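Input: a single structure, listed below in structure tokens.
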Amino acid sequence: IEDIKKMCEWIKENLGEETPIHFSRFFPAYKLLKLPPTPIATLEHARKIALEVGMHYVSIGNVPGHKANSTYCPKCGNILISRVHFMVLANNIVGGNFNSL
Numbered sequence: 044i045e046d047i048k049k050m051c052e053w054i055k056e057n058l059g060e061e062t063p064i065h066f067s068r069f070f071p072a073y074k075l076l077k078l079p080p081t082p083i084a085t086l087e088h089a090r091k092i093a094l095e096v097g098m099h100y101v102s103i104g105n106v107p108g109h110k111a112n113s114t115y116c117p118k119c120g121n122i123l124i125s126r127v128h129f130m131v132l133a134n135n136i137v138g139g140n141f142n143s144l
């Protein structure tokens with residue numbers, strides 16, 4: 044988890060706080076079938092750290108139905124990009140700006 048914090052600090056310092064970060068859940072497949080999937084709590088903790096560091100757009104993937112699948116506005120908390128599984132349901136960014144509908 045300390046590596047997650049260091050990574051987020053580096054990204055913020057070198058790429059900017061508006062750089063999107065996506066933590067994707069590992070699922071065992073092929074030669075890694077004996078490994079467990081990433082615990083959801085681990086992804087939530089990584090997201091919390093990224094947000095605490097000051098990253099604005101942090102999402103979680105491969106966790107169907109999780110609130111953090113979507114990307115939220117850091118100012119008002121409304122959904123910028125709504126996702127389900129691997130699909131974008133709504134993109135509320137128009138011309139680089141948030142369209143609050």
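Here the sequence shown stands for residues 44 to 144, where the numbers follow the numbering used here.
All C-beta atoms in this analysis are idealised placements derived from N, C-alpha and C, irrespective of residue type, glycine included.
Everything numeric in this text was worked out from a predicted model, so none of it was measured.
(1) Does phenylalanine 70 get closer than 8 Å to chain D when you measure Cβ to Cβ?
(2) What three-state label does DSSP hand tyrosine 73 in the structure shown?
(3) Relative to the alpha-carbon of serine 67, which residue among Glu52, Ser113, Met98 and Leu123 has its alpha-carbon at the smallest distance?
(4) Expressed to the nearest angstrom, what Euclidean distance is found between the alpha-carbon atoms of histidine 99 and isoleucine 54?
(5) Can you give me the start and stop residues for the beta strand (DSSP E) that arginine 126 sits inside?
Concretely, from the data shown:
(1) Absent from the structure is chain D; it holds one protein chain and no more.
(2) helix
(3) Ser113
(4) 11 Å
(5) 122-127
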